[in-house]
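What follows is one structure encoded as structure tokens, with my remarks underneath.
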Amino acid sequence: MIRYTLQCANSHRFEAWFKGSDAFDEQASAGQISCPDCGSVDVEKSLMAPGVPKKTSDVGPREFFNQVRAFRSKIMAETEDVGNSFPTEARKMHEGELEHRPIRGNASPTEVKELKDDGISVAPIPPEPPSEN
Ligand SMILES: [Zn+2]
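Given below as structure tokens:
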């Protein structure tokens, strides 16, 4: 047996038991199911949206931007800005000429590719999110 919440053409809701999902369709199309309130045989299954747990992909833009801002300020606080000498500094650290330390700076796409080709890992800093108005 299966229980459905049904709704008639006049928006009355009632519950009824059926042998199976096919039984409802058969009985409804045969006009054998009538609304206890108004007698309407124009009934259909009342569909309910199940509760869907909140996923991370449901994070709104505001929350996402806040996360980006937090990430950026962490980078800014924990790295040294070496500006345009970033590729040189990164390579020197990689080759042991300089002590390893967290740095940030600028590099052209070609320089980034050269660094990566040499096995030096670099990552882009996410851009500043648009300011909230
Ligand atoms: Zn009704």
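Residue numbers (our numbering): 31 to 163. All C-beta atoms in this analysis are idealised placements derived from N, C-alpha and C, irrespective of residue type, glycine included.
State whether the region 100-115 contacts the region 55-74, with contact taken as three or more CB pairs (one from each stretch) at a distance under 8 Å. By the Cβ test, the region 100-115 is not in contact with the region 55-74, since fewer than three Cβ pairs between them sit closer than 8 Å.
Rounded C-beta distance between E158 and P132? I'm assuming under 8 Å. About 19 Å; that fails the 8 Å criterion.
Which residues DSSP lists as bridging D111, in chain order: DSSP output for D111 lists R134 as bridge partner(s).
By how many angstroms is the C-alpha of Y34 removed from the C-alpha of H42? 14 Å
For C68, count the other beta carbons within 10 Å of its own beta carbon; 16 or more makes it buried, fewer makes it exposed. Which is it? Residue burial is scored here from C-beta neighbours: C68 has fewer than 16 other C-beta atoms within 10 angstroms and is therefore classed as exposed.
Check for me: the beta strand (DSSP E) holding K75 runs from which residue to which? V73 to K75
Under a criterion of Cβ closer than 6 Å to any non-hydrogen atom of ligand 1, which residues qualify, in chain order? C38, N40, H42, C65, D67, C68 and S70
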